[in-house]
Amino acid sequence: MRVVQFLQVMVLFLLMGYLLLVALNNPVVIHLPVPLVGRELLLSSGAVLLLTLLLGISYGALLTLPLLWQGQQRRRHDQQRRRQAEAQLQAALRARLATVGTPSTPAPSAPIQPIQPVSPVPTEAQV
């Protein structure tokens, strides 16, 4: 899925580069009205295309910022919860070790008995 998105972005970049080259080679003056001033801004088509491209890139970056902020907040919250859980586990372990203490004499251990294999199908001698 990421390969398809990468290819889409690359195709868009190629198209924008081609359009920018065409616009720069064929200068046409575009009249852009400037709001609140009442004047017009005269720009070449290449400059308008470049300005539009920069505005689109900044808009796309602004769209991704909330996702990045949410991911960063989620990571911080998970780290804080993990630290709290580790602290609780350490406190419980210390309390458990304090109550148990160390035994003065070791308990005698029983000898280990080998495990006898069990056959799932009865043999002819057993029938």
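Residue numbering for the sequence shown is 900 to 1026, as defined by this note's numbering.
Backbone N, C-alpha and C fix where the C-beta goes; we use that ideal spot for every residue, glycine too.
According to DSSP, which residues form a beta bridge with residue i?
| i | result |
| --- | --- |
| Ile1014 | Answer by DSSP bridge pairing: none, since Ile1014 is not bridged. |
| Pro965 | Answer is none; Pro965 lacks a bridge partner. |
Can you tell me which of the options puts its alpha carbon nearest to the alpha carbon of residue i?
| i | options | result |
| --- | --- | --- |
| Ala922 | His930, Val903 and Leu948 | Leu948 |
| Ile929 | Leu941, Leu919 and Val910 | Leu941 |
Pull up the distance between the alpha-carbon of residue i and that of residue j, whole angstroms please.
| i | j | result |
| --- | --- | --- |
| Gln973 | Gln983 | In the sequence on display, residue 973 carries Arg and not Gln. Taking the straight line joining both Cα atoms gives about 15 Å. |
| Leu954 | Ala990 | 54 Å |
| Asn925 | Leu919 | 10 Å |
**OP:** Decide yes or no for the touch test of the segment 931-942 against the segment 956-976: beta carbon pairs closer than 8 Å, at least 3 of them.
**Re:** Proximity of the segment 931-942 to the segment 956-976 falls short of the contact definition, fewer than three beta-carbon pairs being nearer than 8 Å.
**OP:** Could you tell me which uninterrupted beta strand (DSSP E) segments, each at least 3 residues in length, are contained entirely in the segment 900-967, listed from first to last along the chain?
**Re:** 928-933 and 938-943
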